[in-house]
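Just so you know, the sequences run in chain order R and U.
Under our numbering, the first residue of the first sequence is numbered 1, with each subsequent residue one higher.
Under our numbering, the first residue of the second sequence is numbered 430, with each subsequent residue one higher.
We put the beta carbon where it would ideally sit given N, CA and C, even for glycine.
The structure presented is a predicted model; accordingly, all values stated were derived computationally and were not measured.
The block underneath contains the structure these notes are about, expressed in structure tokens.
Number of protein chains: 2
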Amino acid sequence: MRILSNQVKKYNGKKVALAGWVQTVRDVGSLVFIIMRDRAGLLQLICKGEAAETARKLSLESSIEVTGIAKVDEKIKLGGVEIQVETLVLVAGSLPKLPVDIAGKTETNFEHRFDHRVIDLRREEPQAIFAVQSTLCNAFREILNKDGFTEIHTPKIIATGTEGGTSLFPVKYFEKQAYLAQSPQFYKQMLVGSGFERVFEIAPVFRAEEHNTPWHLNEYVSLDFEMGFVRDELQVIKQSEKVLKYMLKKVIEKNEKQLKLFNINLKIPKKIPVLKYWDLPKIFESIGKEFAPMSDLSRDHEATLCTYASEKFDSEFVFVNNYPIELRPAYTQPHTKKKYSRGFDLLFSGVEIVSGGQRVHDPAVLEKQLTAKGFNPADFEFYLETFRYGMPPHGGQAFGLERLTARLLKLNNVREATFFPRDRNRVTP
Amino acid sequence: MRILSNQVKKYNGKKVALAGWVQTVRDVGSLVFIIMRDRAGLLQLICKGEAAETARKLSLESSIEVTGIAKVDEKIKLGGVEIQVETLVLVAGSLPKLPVDIAGKTETNFEHRFDHRVIDLRREEPQAIFAVQSTLCNAFREILNKDGFTEIHTPKIIATGTEGGTSLFPVKYFEKQAYLAQSPQFYKQMLVGSGFERVFEIAPVFRAEEHNTPWHLNEYVSLDFEMGFVRDELQVIKQSEKVLKYMLKKVIEKNEKQLKLFNINLKIPKKIPVLKYWDLPKIFESIGKEFAPMSDLSRDHEATLCTYASEKFDSEFVFVNNYPIELRPAYTQPHTKKKYSRGFDLLFSGVEIVSGGQRVHDPAVLEKQLTAKGFNPADFEFYLETFRYGMPPHGGQAFGLERLTARLLKLNNVREATFFPRDRNRVTP
């Protein structure tokens with residue numbers, strides 16, 4: 001039975017079997033030292049005799065299987081354990097020259113790394129990034145399950161876009177023209193209305209946006225929830241804050257090693273401040289920044305607000321609530337304060353990581369707002385129908401998984417938090 | 430603070446607030462009885478005076494908010510509790526005529542139900558189906574996380590198909606031609622090879638198949654796992670059996686009420702039998718069924734084998750292993766017994782719910798098999814590269830979530846286990 005590198009400690013003096021990839025080989029004459037990597041970490045193998053013969057011929061990144069005697073000794077640098085190898089078998093060889101320098105001694109060009117992403121992912125950093133990402137997803141589901149949310153799976157092939165027609169990828173669906181879903185927005189609202197009341201989904205969304213920045217992906221993973229019978233958007237913000245804090249707590253608990261690798265001192269804010277959009281001009285003025293009335297926040301504005309929140313409220317996170325209704329999608333609930341809405345964003349470390357709000361539940365208001373945005377309500381009949389049969393007030397939000405992961409770990413590019421990014425130019429690997 | 434219908438018991442004599450949908454209204458003169466439905470179940474509301482006035486005017490399926498005094502009394506039919514209403518507020522009215530008979534007294538035409546799926550989903554059966562489905566997904570993730578698998582998110586927009594070119598939906602990806610992923614097959618293998626070793630994903634897959642049967646969907650949810658350093662396909666089968674049994678166990682623990690609604694006596698088989706393909710002719714002969722050598726199993730063959738396994742091995746589940754290599758995708762590991770493979774299916778109650786196997790890890794064999802299937806290996810360079818840098822023996826499998834759910838609950842059509850099905854004719858709602 002194969003054991004993992006982090007289990008060796010328990011087998012001092014016993015014979016064990018292991019498998020993994022060859023990270024380094026060091027030949028010191030009669031002995032050959034291998035550092036082997038498996039999914040749990042690194043381990044030193046000491047080979048002599050026949051095993052040393054085999055070891056000398058190994059190219060880096062070959063996969064191997066070994067048996068040997070486990071030795072536990074504090075003085076051994078790599079985790080205080082090593083294996084005195086008895087048998088060493090080459091499972092699958094590797095070409096001698098790797099397309100990416102895994103040891104990370106020389107930095108490989110960004111695009112080249114992503115061209116050879118499978119090899120690139122063998123580095124320590126990506127392994128850590130996706131360990132954190134896995135924690136985030138599990139925590140999101142855990143807290144929402146606990147709070148009575150049902151997991152849903154909504155269609156990604158759709159007949160009509162949710163946010164506007166320009167950023168849709170067209171799909172040929174047999175004889176019909178269809179599109180890829182930009183978000184599960186309509187469907188999660190419909191499922192609130194169909195009696196589930198509280199729903200969540202973790203699934204891919206697709207945006208045909210021409211942007212090609214370090215913070216855009218054309219396919220990304222959206223962490224959505226939506227809840228019924230809410231009083232207003234503040235109740236959604238409260239749930240959003242609760243979910244986020246739980247996710248951060250779990251990362252701190254489970255990913256100490258990974259946070260250390262990236263030098264991250266993750267702090268859970270006591271309370272995430274909620275700024276009202278109509279107070280922004282005053283705030284920007286006090287900092288000496290220009291801000292055009294009723295305009296969208298630029299990347300620079302977002303960064304400024306994060307610094308402001310950090311200094312004033314000791315929170316790297318900040319909600320901006322009540323955006324002008326003009327700037328939000330047609331399904332956003334208008335505020336009683338004219339021209340404003342019950343839509344919010346959550347900014348973190350200079351980037352928008354959540355978009356949410358209370359939604360319209362009155363079908364007449366919804367039709368009016370769809371028309372005002374230039375849509376034909378008839379195209380949305382499948383969605384509008386929901387609202388004619390007792391649709392309660394409701395709201396929700398969506399995290400971008402890759403952005404959240406990337407900002408948590410202070411990565412420079414959201415692609416680093418994506419296994420195989422899809423962007424303006426890239427559909428492979 | 431709103432409470433749920435199943436929490437009323439704890440508040441005997443106290444004032445409580447609730448919200449939900451009006452399922453029935455019964456006017457008996459001075460009193461009006463409402464059965465209200467929230468996400469936790471049904472509850473009786475007793476209205477008099479002003480509340481009774483409001484109640485009389487309610488159309489079914491309107492959403493309401495009430496406050497009142499909780500009364501616990503064993504003699505009350507509906508769960509031993511009721512609310513003596515003090516205030517009743519109409520939150521959102523419903524049109525008087527519903528497109529689907531939610532009470533289920535008259536059966537609504539199948540396609541009509543799915544045209545008005547949001548209303549259809551308010552029935553008791555769909556609510557139960559998706560409660561079970563949610564348990565299945567959580568259990569799948571739980572057991573795999575426990576066994577050291579990492580959750581992955583692979584791209585759904587891809588450059589090349591995995592199983593053959595005919596069943597791909599084309600996507601216009603800016604200037605490029607791309608496709609929707611038929612499965613995460615290539616990517617989950619690549620992530621095994623990139624050092625994660627053990628990975629899983631729950632995500633949509635897309636099949637442009639012309640079939641229009643009760644068991645086909647053109648978009649469905651695939652529960653995938655893939656594991657490295659396996660000896661052979663039997664180790665994958667073992668993991669598959671372990672995962673399935675854990676899922677069944679969790680459904681039995683958490684969904685007693687739902688299983689009862691569908692009259693299901695769910696049994697976990699002690700051991701799921703594994704039939705070898707080359708033994709099938711003998712088995713079919715013994716039952717008096719025809720079976721052409723080296724042919725694929727028909728729906729009738731699959732049903733026959735399930736009955737056979739049920740009678741002979743007391744298992745409603747049966748693995749069929751070692752399909753002819755001709756019948757399996759190019760990435761399937763060939764068996765040492767010529768013409769056969771290390772690919773398997775899991776049949777349940779007459780339907781294939783899992784497809785899996787050991788995969789090729791030798792790049793030369795893979796190129797040969799791709800060519801033999803009529804592919805140009807150059808189109809798969811992004812995938813083949815993985816195999817040149819120490820790719821260990823590996824294998825995996827995929828459950829179809831909707832099929833598994835539907836067969837567990839003995840539903841007649843896989844669409845019943847899909848929130849919003851996509852089939853040959855349907856892209857809305």
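What are the boundary residues of the beta strand (DSSP E) that U/Y649 is part of?
648-657
Hey, R/P429 and R/R113 are a contact pair by Cβ (cut 8 angstroms); roughly how many whole angstroms apart?
Not confirmed; about 11 angstroms, so no contact.
Taking only beta-carbon atoms, is R/D314 less than 8 angstroms away from chain U?
no
If we call anything under 8 angstroms between Cβ atoms a contact, is R/L180 one with R/V171?
yes
Can you check whether the CB of R/G390 is closer than 8 angstroms to the CB of U/E490?
yes
Are the CB atoms of U/T579 and U/F654 nearer to each other than 8 angstroms?
Not a contact, by the Cβ cut-off of 8 angstroms.
So which of R/Y340, R/F33, R/K337 has the shortest CA-CA distance to R/T24?
R/F33
Below 9 angstroms between beta carbons is the criterion; list the residues of the region 564-583 of chain U that meet it against any residue of chain R, in chain order.
C566, N567, R570, N574, G577, T579, E580, I581, H582, T583
Select from the region 20-31 of chain R all residues with a C-beta closer than 7 angstroms to any C-beta belonging to chain U, and list them in chain order.
W21
With 8 angstroms as the threshold, decide whether the Cβ of U/D467 is near any Cβ in chain R.
Yes, because at least one Cβ of chain R sits closer than 8 angstroms to the Cβ of U/D467.
Throw me the rounded Cβ distance for the R/A51 and R/L88 pair, which I believe falls under 8 angstroms.
4 angstroms
Strictly under 8 angstroms for the Cβ-Cβ distance: is U/V547 near chain R by that measure?
It does; some Cβ of chain R falls within 8 angstroms.
Below 7 angstroms on C-beta distance, what does R/S62 contact in chain U?
G819
Closer than 6 angstroms by C-beta to U/R468: which residues in its own chain qualify, once you throw out the five before and the five after it? Chain order, please.
none
What in chain R is Cβ-close to U/F654, meaning under 9 angstroms?
Those do not exist, as U/F654 stays about 14 angstroms from chain R at its closest Cβ, beyond 9 angstroms.
Determine, for U/V650, whether the minimum Cβ-Cβ distance to residues of chain R falls below 8 angstroms.
Chain R contact via Cβ: present.
Counting only C-beta atoms, is U/Q556 closer than 8 angstroms to chain R at any point?
yes
Is it the case that the region 812-827 of chain U contacts the region 685-701 of chain U, given that we only count it when at least three CB pairs across the two stretches are under 8 angstroms?
These segments do not touch.
How many Å lie between U/E781 and U/K617 at the Cα?
21 angstroms
If the cut-off is 9 angstroms on Cβ atoms, which residues from the region 366-387 of chain R count as contacting chain U, listed in chain order?
Taken in chain order, the members of the region 366-387 of chain R whose beta-carbon sits within less than 9 angstroms of a beta-carbon on chain U are E381, F382, Y383, E385, T386, F387.
Going along the region 229-252 of chain R in order, which residues come within less than 9 angstroms of chain U, judged by CB to CB distance?
F229
Return the bridge partner residues of U/C860 from the DSSP annotation.
Residue 860 of chain U is absent from the model: chain U starts at 430 and stops at 858.
Strictly by DSSP, which residues pair up with R/T87?
The partner list for R/T87 (beta bridge, DSSP) reads R/T67.
Specify the secondary structure class of U/H823 as computed by DSSP and reduced to three states.
It is a strand residue.
Could you give the residue range of the beta strand (DSSP E) that holds U/Y737?
U/Y737 -> not in any beta strand (DSSP E); alpha helix (DSSP H) instead, spanning 728-742.
Between the region 734-754 of chain U and the region 708-716 of chain U, are three or more C-beta pairs nearer than 8 angstroms?
yes
How is the beta strand (DSSP E) around U/S784 delimited, first residue to last?
780-788
Alpha carbon to alpha carbon, what distance is there between R/A398 and R/V132?
Rounded to the nearest angstrom, the gap between the Cα atoms of R/V132 and R/A398 is 19 angstroms.
What residue from U/G785, U/A521, U/E814, U/E503 has the CA that sits closest to R/D362's CA?
U/A521
What's the gap between the Cα of R/D101 and the Cα of R/E107?
7 angstroms
Residues of chain U with a CB under 8 angstroms from the CB of R/I91: which are they?
The sequence shown places Val at residue 91 of chain R, not Ile. Result: F658, G819, P821, P822.
Tell me, to the nearest whole angstrom, how far the beta carbon of R/Y308 is from that of R/P324; I am working on the premise that it is less than 8 angstroms.
About 20 angstroms; that fails the 8 angstroms criterion.
CB-CB under 8 angstroms to U/P722, same chain, minus the five flanking residues each way: which ones, in chain order?
P710
Please classify U/V457 as buried or exposed, where buried requires at least 16 neighbouring CB atoms within 10 angstroms.
exposed
Can you list, in chain order, the stretches of the beta strand (DSSP E) that have 3 or more residues and sit fully within the region 621-696 of chain U?
627-635, 648-657
Relative to the alpha-carbon of R/D379, which residue among R/A178, R/I46, R/G68 has its alpha-carbon at the smallest distance?
R/A178
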